[in-house]
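Sequential numbering from 145 applies to the sequence shown in the numbering used here. Positions of the beta carbon are idealized from the N, C-alpha and C atoms, including for glycine. To start, the structure under review is shown below, and the notes come after it.
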Amino acid sequence: MSELSVKHLLGIKYLNKKDIELIFETADHFKEVINRSIKKVPTLRDTTIANIFFENSTRTKLSFELAEKRLSADVINFSASQSSVKKGETLIDTVNNILSMKVDMVIMRHPNPGAGIFLSKHVNASIINAGDGAHEHPTQALLDSYSIREKLGDVQGKNIVIVGDVLHSRVALSNIFALKLQGAKVKVCGPKTLIPKHIESLGVEVETNLIKALEWCDVANMLRVQNERMDISYFPSTREYTQQFGINRKLLDSLNKEIVIMHPGPINRGVEITSDVADSDQSIILEQVENGVAIRMAVIYLLASKIK
């Protein structure tokens with residue numbers, strides 16, 4: 145059997161193209177499983193997985209938990225907001241305490257970029273990064289690419305635009321790495337203040353005109369404005385942002401082709417996209433959610449097979 149080239153999933157930038165292909169092939173298999181009447185497989189019956197979330201998360205946490213349970217793993221959930229972390233316990237102490245319970249794998253979301261990498265050097269368990277600050281969110285990028293592949297047949301050669309708050313988005317960075325690795329062309333679009341300064345060095349183009357970006361693309365991945373990460377105002381008002389960078393039905397219908405609409409969630413309806421776009425036939429937002437479970441099952445299964 146093929147195996148991943150890595151022991152942890154810390155970021156897309158540590159994967160190669162073969163890793164992504166293997167994850168997708170494995171996800172295809174698990175997608176069949178989760179659409180059967182009996183949705184569980186006994187594959188990881190002897191594996192214990194700890195979900196450690198130092199930041200709030202609903203969708204990602206639920207998706208990982210469901211993936212773990214579908215694989216019959218034992219699951220420990222740990223929310224840092226209700227733990228000794230508030231009393232000053234360090235990250236390593238927290239995790240070592242959990243590992244002393246004989247945990248094989250840790251799924252971690254943390255506000256600090258690089259927290260997963262730091263952890264992987266200090267603890268003897270497989271680490272999956274479920275989002276570290278505004279740095280990476282690898283499973284989201286994998287499920288996004290997988291959803292594009294499912295809808296359009298392939299990612300290679302496709303034109304993908306990432307629209308919105310690229311500066312604060314871990315989804316954007318992971319997506320850029322994953323899409324480029326698979327041979328897609330990528331542009332980013334948003335207010336100049338929300339585009340990182342040296343983003344072109346990643347091999348992406350910046351387009352500040354939304355209509356031009358949409359005319360060019362096959363897929364538009366709409367990011368929400370992350371107000372909770374902003375300490376200053378990056379644009380005059382939400383209304384002005386929506387006028388310049390929001391997608392509504394009228395705008396979609398004015399294009400000379402049909403494009404695919406994606407969103408990593410949670411959606412600010414009426415800001416980056418209107419409901420009639422989010423719920424339309426062109427949107428694959430609900431497919432992304434379903435594919436998230438299959439992709440996370442695949443990643444957990446492939447990493448678990450490397451635990452000795």
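What does DSSP give as the partner residues of residue i in its beta bridges?
i: Thr192; result: Asp218
i: Lys329; result: Asn303
i: Ser223; result: Phe197
i: His254; result: Asp276
i: Met249; result: Ile193, Ser270
i: Ile167; result: Per DSSP, none; premise fails for Ile167.
i: Ile391; result: Ile417
Here's the rule: buried if 16 or more other CB atoms are within 10 angstroms of the residue's CB, otherwise exposed. What is residue i?
i: Arg383; result: exposed
i: Leu399; result: exposed
i: Asp309; result: buried
i: Ser345; result: exposed
i: Glu165; result: exposed
i: Lys162; result: exposed
i: His342; result: exposed
i: Asn435; result: buried
i: Asn319; result: buried
i: His254; result: buried
i: Asp397; result: exposed
i: Asn365; result: buried
i: Ile182; result: exposed
i: Gly238; result: First, the residue type needs correcting, since residue 238 is Thr and not Gly in the sequence shown. So Thr238 counts as buried.
i: Asp420; result: exposed
i: Lys327; result: Just to set this straight, residue 327 is Gly in the shown sequence, not Lys. So Gly327 counts as exposed.
i: Ser146; result: exposed
i: Asn412; result: buried
i: Pro335; result: buried
i: Arg368; result: buried
i: Gly260; result: buried
Between which two residues does the beta strand (DSSP E) harbouring residue i extend?
i: Gly275; result: 270 to 276
i: Ala422; result: No beta strand (DSSP E) contains Ala422, which is instead part of the alpha helix (DSSP H) from 419 to 422.
i: Met366; result: 363 to 366
Tell me where the alpha helix (DSSP H) around residue i begins and ends.
i: Ile320; result: 314 to 325
i: Glu359; result: 354 to 360
i: Gly308; result: Run containing Gly308: none; DSSP gives neither H nor E here.
i: Phe262; result: 259 to 264
Select from the options the residue whose C-alpha is nearest the C-alpha of residue i.
i: Arg314; options: Pro408, Ala422, Glu359; result: Pro408
i: Asn303; options: Phe197, Thr191, Ile405; result: Ile405
i: Ala274; options: Ala285, Gly414, Asn268; result: Ala285
i: Thr204; options: Tyr445, Arg440, Leu296; result: Arg440
i: Leu300; options: Ser291, Ala278, Gly277, Lys329; result: According to the sequence as given, residue 300 is Gln; it is not Leu. If we check each option's Cα against that of Gln300, Lys329 comes out closest.
i: Ile272; options: Lys295, Ala316, Asn412, Glu209; result: Glu209
i: Pro257; options: Leu323, Met245, Glu402, His279; result: His279
i: Thr191; options: Ile339, Ala211, Asp248; result: Asp248
i: Leu395; options: Leu354, Gly277, Glu431; result: Leu354
i: Gly347; options: Lys331, Pro340, Ile339; result: Lys331
i: Ile196; options: Ile251, Gly155, His173, Thr170; result: Ile251
i: Asp423; options: Glu402, Ile451, Arg393; result: Arg393
i: Asn179; options: Leu296, Leu311, Ala438, Lys450; result: Ala438
I need the DSSP call for residue i, collapsed to helix, strand or coil.
i: Val239; result: helix
i: His173; result: helix
i: Leu153; result: strand
i: Val404; result: strand
i: Asn412; result: coil
i: Ser427; result: strand
i: Arg349; result: Per the sequence presented here, residue 349 reads as Glu, with Arg not at that position. Glu349: strand per DSSP, three-state reduction.
i: Ile339; result: coil
i: Arg293; result: helix
i: Leu206; result: helix
i: Gly334; result: coil
i: Val437; result: helix
i: Ser446; result: Per the sequence presented here, residue 446 reads as Leu, with Ser not at that position. In this structure, Leu446 counts as helix in the three-state DSSP scheme.
i: Tyr378; result: coil
i: Asp298; result: coil
i: Leu159; result: coil
i: Ser398; result: helix
i: Ile451; result: coil
i: Arg383; result: helix
i: Ile178; result: helix
i: Glu481; result: Because the chain spans 145 through 452 in this model, residue 481 falls outside it and cannot be assessed.
i: Lys183; result: coil
Just to confirm, does residue i get its C-beta within under 7 Å of one of the non-hydrogen atoms of the ligand SAM?
i: Gln370; result: This structure simply doesn't include the ligand SAM, nor any ligand for that matter.
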